[in-house]
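*Asks:*
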Amino acid sequence: MIVLPPRVHVVATEWLAALMEKAAPDFVIDGYPEYATEVAQLDNDQRYMLYRAASAVVRSFGEQTHVSAVFIVGHADTANKIALHQRAGFEMEVSVKRSVAAAAALRKEMNRLSENAHFTKVLPIRTRGAGSSRKRVQIANTEHDMRKNRRVEITFAYTTEPSPHCGN
């Protein structure tokens, strides 16, 4: 989570993405099946985590401090079944697809929960793939360990609205 100063107009810029990438994620959806990229391929608990993230965004818009940007990073495990010379590119492609699919599903769920409120259509959602460069388990020998590396991390940037002035 990142808290931006009041009156900052958020634009999906590189500086904000770099800031958000260093922050601890607000939500992590791990346990992706091998090479899976679509949210439909996830189990109910994983999809529920995406629902919780969308719900947190929608709820925040009733508060003084609300989500003003979302950053989603997709991750992959080492693609051992892919030829060594193609591995890094394949892992990056999988991680990018995971982040993009999670962003689309998040926006769809926010639209549903908010009954298509305008903010859900204009909220900046930035996606990025990390390939297998940031593993949680460096030497993953079991499927459980590999699933920890196959994940999507969702980080929010919040903006606090200034209190309205009383009087003229």
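In this text, residue positions in the sequence shown follow the working numbering: the first is 2, and each later residue adds one.
A virtual CB, placed ideally from N, CA and C, is assigned to each residue, including glycine.
Quick caveat: nothing in here was measured; it's all calculated off a predicted structure.
Give me whichever residues DSSP pairs with Arg108 in a beta bridge.
*Replies:* None; Arg108 has no bridge partner.
*Asks:* Is the CB-CB distance between Val153 and Gly130 below 8 Å?
*Replies:* Cβ atoms of Val153 and Gly130: not closer than 8 Å.
*Asks:* Work out the CA separation of Glu92 and Ala80 for me, nearest whole Å.
*Replies:* Whole-angstrom Cα-Cα distance: 6 Å.
*Asks:* Specify, as a first and last residue, the run of the alpha helix (DSSP H) that Thr121 falls within.
*Replies:* From DSSP, the alpha helix (DSSP H) with Thr121 extends over His119 to Val123.
*Asks:* Could you pull out every residue in the same chain whose Cβ sits closer than 8 Å to the Cβ of Val138, ignoring the five residues on either side in sequence?
*Replies:* Counting only Cβ-Cβ distances below 8 Å, and skipping sequence neighbours, we find Asp146, Met147, Lys149 and Asn150.
*Asks:* I need the DSSP call for Gly132, collapsed to helix, strand or coil.
*Replies:* Looking at Gly132 - three-state DSSP - the assignment turns out to be coil, as it is neither helix nor strand.
*Asks:* If you measure between the beta carbons of Thr159 and His67, is that distance less than 8 Å?
*Replies:* Strictly speaking, residue 159 in this sequence is Tyr, with Thr absent from that position. Their beta carbons are under 8 Å apart, which means Tyr159 touches His67 by this criterion.
*Asks:* Among Ala89, Phe157, Asn142 and Glu116, which residue has its Cα nearest to the Cα of Arg127?
*Replies:* Measuring from the Cα of Arg127, the nearest candidate turns out to be Phe157.
*Asks:* For a test of the three-state rule: what should DSSP assign to Asp44, helix, strand or coil?
*Replies:* Looking at Asp44 - three-state DSSP - the assignment turns out to be coil, as it is neither helix nor strand.
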